[in-house]
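A short worksheet on the structure shown next.
There are 2 protein chains.
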Amino acid sequence: MMLINGEPNRQISPADRGLAYGDGFFTTAKVVRGKVEFWRDHVERLMLASKKFAIELPSLLTLFSEVQTAIAGVELGCLKILITRGEGGRGYSGAGCENPTRIISVTPWPAQYQLWQRSGIALAPCQYQLGLNPQLAGYKTLNRLDQVLIKQELESLDVDDVIVCDINGYVVESSAANVFWFEQGTLYTPDLSQAGVNGVMRKQVLRCAEQLEIPVNIVKFKLDQLAQVDSMFITNTLMGLVPIKQFQQRVLTDFSLVQRLQQEIKDD
Amino acid sequence: MMLINGEPNRQISPADRGLAYGDGFFTTAKVVRGKVEFWRDHVERLMLASKKFAIELPSLLTLFSEVQTAIAGVELGCLKILITRGEGGRGYSGAGCENPTRIISVTPWPAQYQLWQRSGIALAPCQYQLGLNPQLAGYKTLNRLDQVLIKQELESLDVDDVIVCDINGYVVESSAANVFWFEQGTLYTPDLSQAGVNGVMRKQVLRCAEQLEIPVNIVKFKLDQLAQVDSMFITNTLMGLVPIKQFQQRVLTDFSLVQRLQQEIKDD
Chain R
4 MMLINGEPNR
14 QISPADRGLA
24 YGDGFFTTAK
34 VVRGKVEFWR
44 DHVERLMLAS
54 KKFAIELPSL
64 LTLFSEVQTA
74 IAGVELGCLK
84 ILITRGEGGR
94 GYSGAGCENP
104 TRIISVTPWP
114 AQYQLWQRSG
124 IALAPCQYQL
134 GLNPQLAGYK
144 TLNRLDQVLI
154 KQELESLDVD
164 DVIVCDINGY
174 VVESSAANVF
184 WFEQGTLYTP
194 DLSQAGVNGV
204 MRKQVLRCAE
214 QLEIPVNIVK
224 FKLDQLAQVD
234 SMFITNTLMG
244 LVPIKQFQQR
254 VLTDFSLVQR
264 LQQEIKDD
Chain H
4 MMLINGEPNR
14 QISPADRGLA
24 YGDGFFTTAK
34 VVRGKVEFWR
44 DHVERLMLAS
54 KKFAIELPSL
64 LTLFSEVQTA
74 IAGVELGCLK
84 ILITRGEGGR
94 GYSGAGCENP
104 TRIISVTPWP
114 AQYQLWQRSG
124 IALAPCQYQL
134 GLNPQLAGYK
144 TLNRLDQVLI
154 KQELESLDVD
164 DVIVCDINGY
174 VVESSAANVF
184 WFEQGTLYTP
194 DLSQAGVNGV
204 MRKQVLRCAE
214 QLEIPVNIVK
224 FKLDQLAQVD
234 SMFITNTLMG
244 LVPIKQFQQR
254 VLTDFSLVQR
264 LQQEIKDD
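Chains R and H are the protein sequences, given in the same order.
Going by our numbering, the first residue of the first sequence is number 4, and it counts up by one from there.
Going by our numbering, the first residue of the second sequence is number 4, and it counts up by one from there.
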């Protein structure tokens, strides 16, 4: 199912600036029984990006109504909302682009995530290092070539995901998820001021930890400092919270804290 | 005039990875009397990017033939060749994308560049700082949100272009051109190992300087070090070599060296 500017269209203009320059942003949400999980957080993310890039969103009523049309009857699915500055002329100027493009699409939910949540996955370090970009860090923009190249590397390895560092060697995220770890009862996650995406599920985890009075530390950590952790997990809105059962040579068996967070984090 | 995969089409698929992730690259060339200037350099640039991102190019015969169709009868124009990984599914994996998209388009040449080449332009420093990304630096990828935001800033200023630095304060480029300066007979241009686009015209300038036995220095220079320069110019394939007549409060009047390069750099 796909709606482009509200129409069941399957074509966009080659002059769309989303294609020419990655001039836009997106969010991906889990749909469960015809309902978008954490809808308010996704809207908040879209509004922050809209302000940052000066690309106007449709009214929330329009957006909600089109999303409802797209997800009607969907038992389990991935909703993607992609916004671009719309059609433009040659060159970087977005002046005069008055009609942003919105693409709302629904695809199947990856079934392996259920097993991942229960049994955990194996991670390896990634050789590819993320650039530093404090201007774009945190946002889920259409500039995702780094992630494409990271995924290429992951597909050459015999693991489920990779831990990606930035060019200074600081841990940032996995190939498509935020990363957390516990050490002596404190929850850690990387600082995202220079690189990485500030995920909707990451926010939920931090909110939940606060409610449970779990101490949280947002840090710049190098890869070798992860050797000491008691447990790890990765998160995004589609996979939820996925424990790590193996990282490099180390086998991690204590899933108790991540399981507690898995139970607590629910969409209201 | 536009050809998509060889057809005079005006539509692309919303599942094209160029749109979803900026998963592709492009080059822009000047067309003069039905001929592409510096064609071999543009092909070399496309081949380097093809190898880097593992996106197959069409055969050079196909590419050349489609370009000839697109530029037939064009007196002065801008040719853009844009290549993406083609249609794909959800997620960063490009596995199975066997049919890259190629978009060949021709638009009018911006007429002001003729005046710019002769009379020079005024530059100001840019507040927006480029991120560092040694993996993508040099390539003209479809990830150009930085340039979109830089252009937004430029449009709020009363100058022709801006000098952009990276987050460490090193001069990289202008909003859409490479930058050069002369000091005591030596030609300087920024190192592009961390940020910036390695332009086709930049290569021509370096080649020409070598032929003329002008000493060249590829440097990491901070903005305040530009206060001492004797003359400056910016370059891309569309504007050619454009002298700078004013930078910040300083008026630069000696165009002799850039004029010499302008005369020497010709497509064979």
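Ideal Cβ placement from N, Cα and C applies to all residues, glycine included.
(1) Going by DSSP in three states, R:G92 sits in which element: helix, strand or coil?
(2) Does the beta carbon of R:K83 come closer than 9 Å to any beta carbon on chain H?
(3) Go through its chain and collect everything with a Cβ distance to R:A180's Cβ below 6 Å, but skip five positions before and after it.
(4) Are the CB atoms of R:F250 and R:A125 nearer to each other than 9 Å?
(5) Taking its Cβ as the centre, do 16 or more other Cβ atoms sit within 10 Å of H:E176, making it buried, or is it exposed?
(6) Taking beta-carbon pairs under 9 Å, can you tell me which members of the segment 4-26 of chain R lie near chain H?
(7) Return the Cβ separation of R:I15 and R:T104 in integer angstroms, given the expectation that the two are a contact with Cβ distance under 8 Å.
(8) Which residues share a DSSP beta bridge with H:E186?
(9) Relative to the C-alpha of H:T31, which residue among H:C81, H:N102, H:Q207, H:F41 is closest?
(10) So, is the C-beta of H:Y285 closer than 9 Å to a C-beta in chain R?
(11) Which runs of the beta strand (DSSP E) fall wholly inside the segment 28-99 of chain H and span at least 3 residues, in chain order?
(12) Return the first residue and the last residue of the beta strand (DSSP E) that R:M204 is part of.
(13) Ignoring anything shorter than 3 residues, give me the beta strand (DSSP E) runs that lie fully in the segment 100-162 of chain R, in order along the chain.
(14) Between R:V151 and chain H, is the shortest Cβ-Cβ distance under 9 Å, so that the two count as touching?
(15) What's the call for R:P137, buried or exposed, on a 16-neighbour Cβ count within 10 Å?
(16) Considering Cα atoms alone, identify which of H:L51, H:V182, H:V39 is closest to H:A127.
(17) Would you say H:A212 faces chain R, with C-beta separation under 9 Å as the test?
(18) For the putative contact between H:L22 and R:L190, defined by C-beta atoms under 8 Å, what is the C-beta separation to the nearest angstrom?
(19) Can you look up H:L22 in the DSSP assignment and give me helix, strand or coil?
(20) Please tell me whether H:V174 and H:P193 are closer than 9 Å, where the distance is taken between their beta carbons.
(21) Report all residues from its chain with a CB closer than 6 Å to the CB of H:L85; omit the five preceding and five following residues, and keep chain order.
(22) Three-state secondary structure (DSSP) at H:L226?
(23) Answer with yes or no whether the minimum CB distance from H:Q117 to chain R is below 9 Å.
(24) Measuring CA to CA, which of H:D227, H:F56, H:L160 is closest to H:T87?
(25) By Cβ distance, which residues of its chain are closer than 6 Å to R:F41, with the 5 residues on each side in sequence left out?
(26) For H:G97, return the contacting residues in chain R, with the cut-off set at a CB-CB distance below 8 Å.
(27) Where do the ends of the alpha helix (DSSP H) carrying R:V261 lie?
(28) Taking a Cβ distance cut-off of 8 Å, strictly less, list which residues of the segment 173-193 of chain R are near chain H, in chain order.
(29) Quick one: what's R:M235 bridged to in DSSP?
(30) Please check if any C-beta of chain H sits within less than 9 Å of the C-beta of R:L160.
(31) If you measure between the beta carbons of H:R20 and R:V151, is that distance less than 9 Å?
(32) Along chain R, which residues have their Cβ under 9 Å away from the Cβ of H:G134?
(33) Determine the chain R residues that contact H:R147 at a beta-carbon separation under 8 Å, and present them in chain order.
(34) Closest Cβ-Cβ distance between R:S234 and chain H: below 9 Å?
Judging by the given coordinates:
(1) coil
(2) yes
(3) I237, T238, N239
(4) yes
(5) buried
(6) M5, I7, N12, R13, Q14, I15, S16, P17, A18, D19, R20, G21, L22, A23, Y24, G25, D26
(7) 6 Å
(8) H:T189
(9) H:C81
(10) Residue 285 of chain H lies beyond the stretch modelled for chain H, which goes from 4 to 271, so this question has no answer here.
(11) 79-87
(12) Careful: R:M204 lies outside any beta strand (DSSP E), inside the alpha helix (DSSP H) at 203-214.
(13) 104-111, 124-128
(14) yes
(15) exposed
(16) H:V182
(17) no
(18) Contact flag wrong, Cβ pair sits at about 36 Å.
(19) helix
(20) yes
(21) F29, I106
(22) helix
(23) no
(24) H:F56
(25) V203, D270
(26) V151, K154, Q155
(27) 259-267
(28) S178, A179
(29) R:W184
(30) no
(31) yes
(32) G134, L135, N136, P137, Q138, L139, A140, Q197, A198
(33) A23, Y24, G25, D26, Y95, N146
(34) no
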